[in-house]
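First up is the structure itself, then whatever we jot down about it.
2 protein chains.
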Amino acid sequence: MTTETRALASDLSLAVVRLTRHLRGRRVDAQVSLTQLSALATLDQEGAMTPGALAAREKVQPPSMTRVVASLAELGLVERSPHPTDGRQIIVSLSSSGQALLADETHAREAWMNEQLSGLGSADLVTLRSAVEIITAMVSKPE
Amino acid sequence: MTTETRALASDLSLAVVRLTRHLRGRRVDAQVSLTQLSALATLDQEGAMTPGALAAREKVQPPSMTRVVASLAELGLVERSPHPTDGRQIIVSLSSSGQALLADETHAREAWMNEQLSGLGSADLVTLRSAVEIITAMVSKPE
DNA sequence: TATTGTTATACTCTATAACTATA
DNA sequence: TATAGTTATAGAGTATAACAATA
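As you go down the protein sequences, you meet chains W and P in turn. Just so you know, we're using my numbering here: the first sequence kicks off at 5 and counts up by one. Just so you know, we're using my numbering here: the second sequence kicks off at 5 and counts up by one.
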């Protein structure tokens, strides 16, 4: 591993932590938090699944996902239904409200981030898009 | 603004939130948290400053920085000294322990991230380096 | 006995509001 | 009166440990 790669690991860590701080702070009046939005997005992309599977997919522990799912169910954004054959499990699915909210978020929210991106040139946008793909692959890998 | 830019805003938000979750979770046995490390890195790069200036630079509210600085001082990683002319202010500076820890972190920690980066090709590393610069500029802008 | 999900509990990070000391 | 910093308090996000229900 090169010195540059090690420095990149450190710099990338600080950059994403600071960016996350911004993003979370700017959503205080949003309908759902980024944690909730992340779970909704996974349900949208991968379909209904059990809380355990969603926890694994989001890379959090099951009790953490219990709380997220409970809050989303209370908001009517997901629905919980019994598993057809295994009484221990339940199936979490996106409700129509959840789908609608997700569409709104994807297309119109993230105002601050949208503004930042508007100030960038197309080369920078291409770079960020590529970075998103790399990071997504990184955090999606099974352990 | 294009549809692609809006989708990028959404995807980038989710990617960095998920990556941050990973990074924080993997530091439970580290000497300092990412929040503390971020403050140390700013002190290292920009020199000693008041808690207020550090809060502004890190884009957090002053009470949040009070806690971070207090925890770092308790660990002996920063020192607090009186402002030469203004009795209300104090100056926070990196201690030699703080500098040493920062050097260690930069060069040897972030083990998980280092491992992920080791699996990437040089083109991806260049992309991530560029993305770090773009994100850093984004979160460093005065409001 | 093993697995799934939940409850109980605790810690970190961050915020706003109120307070103290100094300018 | 205004500013810098701290204290008090609260809420979100996450974790581990212990529990209940079902397989």
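Cβ coordinates follow ideal geometry from the N, Cα and C atoms, glycine included.
Spatial distance of Glu147 of chain W from Ala43 of chain W (CA atoms): Any reading at Glu147 of chain W needs caution, since the residue's pLDDT is 49, under 50, leaving its predicted position unreliable; the model's value is listed next. Approximately 19 angstroms between the Cα atoms of the pair.
Do you know whose CA, among P:Pro66, P:Asp90, P:Asp15 and P:Ser97, lies nearest Gly148 of chain P's CA? For residue 148 of chain P there is no data in the structure shown, the boundaries of chain P being 5 and 147.
Distance, Cα to Cα, Gly91 of chain P vs Lys145 of chain W? 53 angstroms
Note down, in chain order, all residues in the region 48-76 of chain W with a beta-carbon under 8 angstroms from any beta-carbon belonging to chain P. Glu62, Lys63 and Val64
According to DSSP, simplified to helix, strand and coil, what is Val82 of chain W? strand
Short CB-CB distance (under 8 angstroms) between Ala43 of chain P and chain W: no
For the alpha helix (DSSP H) containing Val130 of chain W, list its first residue and its last residue. Ser126 to Ser144
Quick check on the burial criterion: 16 or more other C-beta atoms within 10 angstroms. Buried or exposed for Thr6 of chain P? exposed
Where does Glu8 of chain P land, buried or exposed, given buried means 16+ other C-beta within 10 angstroms? exposed
Candidates W:Met117, W:Asp48, W:Pro55 and W:Thr131, of which the one nearest Ile95 of chain W by Cα: W:Pro55
Step through the CB atoms of chain P and report whether any lies within less than 8 angstroms of the CB of Asp128 of chain W. yes
Please list, in chain order, all residues of the same chain as Ala13 of chain P whose beta carbon is under 8 angstroms from its beta carbon, the five residues on each side excluded. none
Compute the distance between the beta-carbons of Leu105 of chain P and Val32 of chain P, then report whether it is under 8 angstroms. no
Is Ala19 of chain W close to chain P, meaning its C-beta is less than 8 angstroms from at least one C-beta of that chain? yes
According to the neighbour-count rule (16 or more other Cβ atoms, all chains shown, within 10 Å of its Cβ), is Asp15 of chain W buried or exposed? buried
Are the C-beta of Glu147 of chain W and some C-beta of chain P separated by less than 8 angstroms? Any answer about Glu147 of chain W is weak, because its pLDDT of 49 lies below 50 and its placement is not dependable; what the coordinates show is given next. By this cut-off, Glu147 of chain W is not an interface position.
Which of the three DSSP states is assigned to Glu147 of chain W in this structure? In this prediction, Glu147 of chain W has a pLDDT of 49, which is less than 50 and means its spatial position is unreliable; what the coordinates show is noted afterwards. DSSP places Glu147 of chain W in coil when its eight states are reduced to three.
Pairs of beta-carbons, one from the region 64-80 of chain P and one from the region 64-82 of chain W, closer than 8 angstroms: are there three or more? no
From what residue to what residue does the alpha helix (DSSP H) around Val21 of chain P run? Thr7 to Gly29
Kindly list the residues whose CB is nearer than 7 angstroms to the CB of Ser101 of chain W, restricted to its own chain and excluding five residues on each side of it in sequence; keep chain order. Gly80 and Leu81
When DSSP builds the beta bridges, which residues end up paired with Met53 of chain W? W:Val96
Would you kindly work out how many angstroms separate the C-alpha atoms of Ser68 of chain P and Ala57 of chain P, rounded to a whole number? 13 angstroms
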